[in-house]
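In my numbering, the protein residues as written are 2 to 298.
Read the structure below first, then the notes.
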């Protein structure tokens with residue numbers, strides 16, 4: 002157990018509790034109370050540590066918070082829609098509200114995942130941090146460590162690998178495994194981008210096939226495992242309501258691991274890890290299994 006990793010995880014939890022960002026405040030106001038009730042329920046049922054098993058319910062928690070978010074926005078709409086507002090303006094305001102709910106559900110879910118994983122990792126030697134500019138100072142690995150260089154048409158281009166969170170062992174040594182975590186609240190075409198970043202990472206550290214694509218620090222980048230944490234709150238034709246179609250499976254198979262938070266009804270999700278060469282025996286795993294994976298490192 003690392004006191005340093007606990008301190009980092011608890012610092013992230015405190016940031017969520019005191020954040021001035023509206024999307025984080027809505028997560029704290031509407032999702033966290035449901036999260037706390039589910040943790041208490043799991044503890045009463047003997048599913049411990051509850052901070053691990055609650056990870057499998059994050060998608061349901063997000064859906065459960067939606068009515069409260071809608072009521073909050075209805076109040077804003079009622080204020081904005083006055084007696085002099087035309088019918089056309091009313092439609093525009095309500096359409097904007099609905100678009101906000103859809104676009105910000107993903108942002109709320111991203112923060113909920115970070116909050117929940119930080120809770121689940123307390124007591125381990127792993128810490129999680131948002132994959133932003135201060136990540137290197139917090140956990141020893143940040144976007145600047147993932148720069149990929151591309152030579153194309155006489156231009157020298159570079160980009161960091163995109164992710165939402167980084168989780169790694171603390172203290173971070175040269176052989177510490179690194180999880181780059183991308184978070185998605187729905188799949189559809191956006192899910193393909195997750196595979197793109199994983200393939201770009203792989204090509205950059207093994208530039209035999211594409212020598213014009215190289216990593217600035219291939220030693221550090223080669224330690225990374227690129228994983229997705231997802232749910233599926235799409236109301237029309239959700240991709241994970243049952244066994245996913247082949248294209249979604251291929252997207253997930255490209256990644257090192259794919260974790261989903263869909264509740265106990267999703268029987269196609271794996272709950273353990275194999276010892277084969279790929280290190281996995283299911284295409285999708287329950288999100289709670291990420292704690293078991295981390296404990297193997």
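All residues carry an ideal CB built from backbone N, CA and C; glycine is no exception.
* Asked: Hey, quick one: how far does the alpha helix (DSSP H) through residue 15 stretch, first residue to last?
  -> Counted from its first residue, the chain shown places residue 15 at position 14. From DSSP, the alpha helix (DSSP H) with residue 15 extends over 4 to 19.
* **Cβ-based burial, residue 194 [other Cβ within 10 Å; buried from 16]** => Counting from 1 along the chain shown, the entry for residue 194 is found at position 193. It is exposed - the Cβ of residue 194 has fewer than 16 other Cβ atoms within 10 Å.
* Asked: What is the rounded straight-line gap between the Cα of residue 120 and the Cα of residue 19?
  -> Residue numbering aside, residue 120 sits at position 119 when the chain shown is read from its first letter. Residue numbering aside, residue 19 sits at position 18 when the chain shown is read from its first letter. Rounded to whole angstroms, residue 120 to residue 19 spans 16 Å at the Cα level.
* Three-state class that DSSP yields for residue 151 in the structure shown -> Your numbering for residue 151 matches position 150 in the chain shown. Strand, per DSSP.
* **residue 55 classed as buried or exposed, judged by whether at least 16 other C-beta atoms fall within 10 angstroms** => The residue given as residue 55 occupies position 54 in the chain shown. Buried.
* Asked: What residues match up with residue 26 in a beta bridge as DSSP calls it?
  -> Walking along the chain shown from the start, residue 26 turns up at place 25. Residue 26 is not bridged to any residue.
* Return the Cβ separation of residue 160 and residue 167 in integer angstroms, given the expectation that the two are a contact with Cβ distance under 8 Å. => Numbered from 1 along the chain shown, position 159 holds the residue referred to as residue 160. Numbered from 1 along the chain shown, position 166 holds the residue referred to as residue 167. Their Cβ separation, rounded to whole angstroms, is 17 Å, which puts residue 160 and residue 167 out of contact at 8 Å.
* Spatially closest choice to residue 38 from 52, 147, 25, by CA coordinates -> Along the chain shown, one-based indexing puts residue 38 at 37. Checked all of 52, 147, 25; the closest Cα to residue 38 is 52.
* Determine the direct distance from the alpha carbon of residue 130 to that of residue 118, and round the result to whole angstroms. => Along the chain shown, one-based indexing puts residue 118 at 117. Along the chain shown, one-based indexing puts residue 130 at 129. Going by the C-alpha atoms only, they are around 10 Å apart.
* Asked: By how many angstroms is the C-alpha of residue 70 removed from the C-alpha of residue 106?
  -> Taking the first residue of the chain shown as 1, we reach residue 106 at position 105. Taking the first residue of the chain shown as 1, we reach residue 70 at position 69. So the alpha carbons of these two residues sit roughly 10 Å apart.
* Same chain, Cβ closer than 6 Å to residue 223, five either side skipped, listed in chain order -> One-based indexing of the chain shown puts residue 223 at position 222. Taken in chain order, the residues that qualify are 206.
* residue 183 bridges to which residues according to DSSP? -> As a first step, residue 183 must be located in the chain shown, where it is residue number 182. Residue 183 pairs with 229.
* Identity of the residues DSSP links to residue 158 by a beta bridge -> Residue mapping note: residue 158 aligns to position 157 of the chain shown, counting from 1. BP columns for residue 158 point to 151.
* Asked: DSSP puts residue 271 in a beta bridge; with which residues?
  -> Counting from 1 along the chain shown, the entry for residue 271 is found at position 270. Answer by DSSP bridge pairing, in chain order: 286.
* Pull up the distance between the alpha-carbon of residue 299 and that of residue 233, whole angstroms please. => Only positions 2 to 298 of the chain appear in the structure, and residue 299 is not among them; the question remains open.
* residue 68 - DSSP class collapsed to helix/strand/coil -> The residue labelled residue 68 in the question sits at position 67 within the chain shown. Helix, per DSSP.
* Asked: To which residues of the same chain is residue 238 closer than 6 Å at the C-beta, ignoring the five residues directly before and after it?
  -> By 1-based counting over the chain shown, the position of residue 238 is 237. Hits under 6 Å: none found.
* To do: Report the option in 298, 293, 261 whose CA atom is closest to the CA atom of residue 286.
  => Along the chain shown, read from residue 1 onward, the residue named residue 286 stands at position 285. Of the candidates 298, 293, 261, the one whose C-alpha sits nearest the C-alpha of residue 286 is 261.
* From 289, 241, 270, 288, pick the residue whose C-alpha is nearest to that of residue 282; which is it? -> Here residue 282 corresponds to residue number 281 of the chain shown, with the count starting at 1. That would be 270, whose Cα lies nearest to the Cα of residue 282.
* **From 292, 297, 155, residue whose alpha carbon lies closest to that of residue 49** => The residue you call residue 49 lines up with position 48 of the chain shown. For the residues 292, 297, 155, the minimum Cα distance to residue 49 belongs to 292.
* Just how far apart, CA to CA, sit residue 213 and residue 267? -> Translated into positions along the chain shown, residue 213 becomes position 212. Translated into positions along the chain shown, residue 267 becomes position 266. So the two alpha carbons sit approximately 42 Å from each other.
* **Secondary structure of residue 191, DSSP reduced to three states** => Counting from 1 along the chain shown, the entry for residue 191 is found at position 190. Residue 191: helix per DSSP, three-state reduction.
* To do: Would you mind sorting residue 23 into buried or exposed? The rule is 16 or more other CB atoms within 10 Å of its CB.
  => The residue given as residue 23 occupies position 22 in the chain shown. With fewer than 16 Cβ atoms within 10 Å of its Cβ, residue 23 is classed as exposed.
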